[in-house]
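Residues 69 to 485 in this note's numbering are what the sequence shown lists, from first letter to last.
Glycine included, every Cβ here is placed at the ideal spot set by N, Cα and C.
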Amino acid sequence: MSNYSNLEIKRRQFLKYLASSPLIASSLSGCLNDDPGNPQYNDIAISTLKRGSEGRLSAISSVDQALNVFDFEAVAKTNLTPAHYGYIATGVADNITLRANREEFSKIDIRVRRLTGVNQVDMSTKLFGETWQTPIILAPVGSQRAFNVDGEITTAKAAKNKKHLQILSTFTSIPIEDVVKARGKPLWFQLYPATQWNVTKEILRRAESAGCPVVVLTVDMFAGSNRESMKRFKKEDSSICGACHFPGRNSRPMVSKLDFKLSTPLTWDFVQKLKENTSMKVVIKGIVTSEDAVLCLENGVDGIIVSNHGGRAEESGRATIQCLPEVTAAVNGQIPVLIDGGFRRGTDIFKALAMGAQGICIGRPYLWGLAAFGQEGVESVLDMLRAELQLIMKQAGTASIKNITRDYVQSTQIIIP
Ligand SMILES: Cc1cc2nc3c(=O)[nH]c(=O)nc-3n(C[C@H](O)[C@H](O)[C@H](O)COP(=O)(O)O)c2cc1C
């Protein structure tokens, strides 16, 4: 067991003991429900999230009982405090964008071909010269120790076993060097820049020293975000916040020793500066329009992730799968286009590949797996998505990723050029 696990378990045991006294618990808790009478408390958005994103309530007791990735969500919800589950589940405002990310997939149909003789499929994908067994990527997610004692290390072990690309958040709760060690090879590093360039430069140097070949600049969070659902879940939480959040805990080791202040809105000048000051490939995460895709090309960006932060940034109402066609059309194959947001099924992945994406990042599903069953849970989620992608590829008669072309999808509601 790692040092992280030992310390954490002792700390949690002690706090559990304290919590068993109602008097002590209520005086220690920093997140007791102080407003149970809030009239909006039971609004539809939040009650949907409470039941899990697909409205399911049932929970499984081992990974082999899971039929799909949603089965892990119910367990994650049971295992986590309401505040931590709320951190995963939340969208912004009325959660319209969050829901759109899922719902828009149902407006795209797959045109399967018959009698193709395809029995074996090759899901391998090449990104920046490196070949991966599948296009399924673990999206950057901060603070993973909120979901599992060893957080990003557990995710890295699963990524290693299943050979998936993992992107590490600036707000990782475990130092990058330890995560790279657990993964057994360098990861892509996601950057939230600081207001001060010298601080940003220090973060970049650390990622470069850890061997990261790619920096992913997230550009959809600078204006802040209105995560109402998260606030409601937090109000409901009667656990002792100090069990996870306590002074001196090095919860953001990439930035905690630096004078880090999250940057205010950036311009393309920053992208130029980043390009000039790093040896890593620069990928921009959060692009959703053709105009910005063209600017990415003009500014020498090496890749794009079409993303709305899983519906956690602005309430645009636009699903990423809706944004994908205009971005791929603008990019016209000049740089890789990846996507994330609401991918829960192999068929979702297939549709994005047919619409020109080269990599599909997943966020919440692997967090559900992580919170539900640790490494085994993450591995199982990855296995399921791989198996579902493999199945639809066989069913559609596409023997390899490059065979999944525009001809394999149709939509009467989304314009796919
Ligand atoms: C709990 C949580 C934390 C996240 N933290 C980060 C982060 O630190 N950096 C980042 O670029 N994106 C972050 N994201 C967004 C994900 O990288 C990704 O865009 C999103 O989860 C994809 O949507 P999905 O969850 O529907 O798969 C986070 C998402 C979640 C759910």
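Alpha helix (DSSP H) segment containing VAL248, residue limits: Start and end: 244-251.
Spatial neighbours of THR466 in its chain, beta-carbon cut-off 6 angstroms, leaving aside the 5 residues before and after: ILE472
Cβ-Cβ distance between VAL446 and VAL137 below 8 angstroms: no
Spatial neighbours of VAL405 in its chain, beta-carbon cut-off 7 angstroms, leaving aside the 5 residues before and after: Take VAL405, set aside five residues on each side of it, and the residues of its chain with a beta-carbon closer than 7 angstroms to its own are ILE372, VAL374, VAL395, THR396, VAL399, GLY424, ALA425 and GLN426, in chain order.
Given 8 angstroms, three or more beta-carbon pairs between the segment 357-367 and the segment 127-146: no
Rounded straight-line distance, which links the Cα of GLY410 to that of VAL209: 15 angstroms
Separation of ILE176 from VAL282, as counted between CA atoms: 32 angstroms
Simplified DSSP state of ALA262, which is helix, strand or coil: strand
Sheet register partners of ASP190 (DSSP bridge): SER468
Local conformation of PRO90 per DSSP, three classes: Because the pLDDT of PRO90 is 41, which lies under 50, any placement of that residue in the model is unreliable, and the question is left without a value.
Three-state secondary structure (DSSP) of PHE140: helix
Endpoints, the alpha helix (DSSP H) within which CYS391 is located: 388-399
Coil, strand or helix - ASP111 by DSSP: Unreliable placement is indicated for ASP111, whose pLDDT of 42 sits below 50; the coordinate value is still reported in the next sentence. Residue state, collapsed to three classes: coil.
Limits of the alpha helix (DSSP H) - the one that THR223 falls within: 219-230
Continuous alpha helix (DSSP H) stretch holding LYS175: start and end: Segment: none, LYS175 is in no alpha helix (DSSP H) and carries neither H nor E.
Collapsed DSSP secondary structure at LEU450 in the structure displayed: helix
Buried versus exposed, by CB contacts within 10 Å (16 or more), ASP416: Its Cβ being crowded by 16 or more others within 10 Å, ASP416 is buried.
Run of the beta strand (DSSP E) containing GLU198, from where it starts to where it stops: 198-200
Proximity winner among ASN294, ILE483 and ILE403, relative to LEU365 (alpha-carbon distances): ILE403
Candidates LYS299, TYR260 and CYS280: closest to VAL287 by CA position: Taking only the C-alpha atoms, the option nearest VAL287 is TYR260.
Given ALA262 as reference, the closest of SER331, PRO321 and ASP327 once Cα atoms are compared: SER331
Sequence-distant residues of its chain with Cβ nearer than 8 angstroms to GLY161 (five each side left out): Before going further, note that residue 161 is Ala rather than Gly in the sequence given. These residues qualify, in order along the chain: ASN294, GLU296 and GLU383.
Cut-off 6 angstroms between Cβ atoms - residues of its own chain near PRO321, not counting five sequence neighbours on either side: PRO243
Per DSSP, cross-strand counterpart(s) of PHE257: LEU236 and VAL283
Nearest neighbour of SER192, chosen from ARG182, LEU183, MET452 and PRO203 [CA to CA]: PRO203
Own chain partners of LEU166 with C-beta closer than 6 angstroms, once the 5 adjacent residues on each side are dropped: For LEU166, where only same-chain residues beyond five positions count, the Cβ hits under 6 angstroms are GLY159 and GLY379.
Burial state of GLU220, where buried means 16 or more other Cβ atoms lie within 10 Å: Buried.
Cβ-based neighbour list, ASP475, same chain, cut-off 7 angstroms, excluding 5 preceding and 5 following: Answer for ASP475: ARG179, listed in chain order.
Enclosing beta strand (DSSP E) for VAL374 [first to last residue]: 371-374
Near ligand 1: ALA224 beta-carbon under 7 angstroms from a heavy atom: no
Among ASN216, GLN481, ARG213 and TRP200, nearest to GLN234 - alpha-carbon criterion: TRP200
ARG380 CB to nearest heavy atom of ligand 1 below 7 angstroms: yes
CA-to-CA distance, LEU206 to ALA250, given in whole angstroms: 15 angstroms
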